[in-house]
Amino acid sequence: MDTIVKSFQSGQILKYAEQYQSNHIYHIRYRKSKDPDAYLRHHETELLLHDGAENMLKRFGISLKHFDIDKFRNDYNALYAKKEALQKTYKSAEKDIQALNRKLDNLNQYLDRTPGQEQTTNRKPEKDFTTL
């Protein structure tokens, strides 16, 4: 479960880092613009995406001056590969459990069909409380 949570958080960080990086140029141009209101009207979506991504990265505790998007991408890819391997292992174990349960059901069914044979289990005989 821990790998899935880390993978999800890493994916979120990667998404916001990519948004921040791709829209950062609009933020710089907005600051340098001679008419900021006109620039804001033309590029409002990009500026909002930049500000939102910046706020989310700050919430995750990531320094905006020294972040490396390739490092985030590599971390995410490693966690994703680990998650995929764990999911394959889980599905394989689930199939094995189903097969073993099917064999157990068949065995129980076989044992119940042979009334002449004694079952060698360590069950205690049940007491009959109907007569006092």
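According to our numbering, the sequence shown is numbered sequentially starting from 14. Heads up, the beta-carbon is just placed ideally off N, CA and C, and yes, glycines get one too.
A direct Cα-to-Cα measurement between Tyr29 and Lys71 gives close to 10 Å.
Distance from the Cα of Glu59 is smallest, within the candidate group Glu31, Tyr89 and Glu107, for Glu31. If you draw a straight line from the Cα of Ala91 to the Cα of His40, it comes to about 32 Å. Counting along the chain, Leu53 sits inside the alpha helix (DSSP H) bounded by residues Pro49 to His55.
Distance from the CA atom of Asn119 to the CA atom of Ser20, rounded to whole angstroms, is 41 Å.
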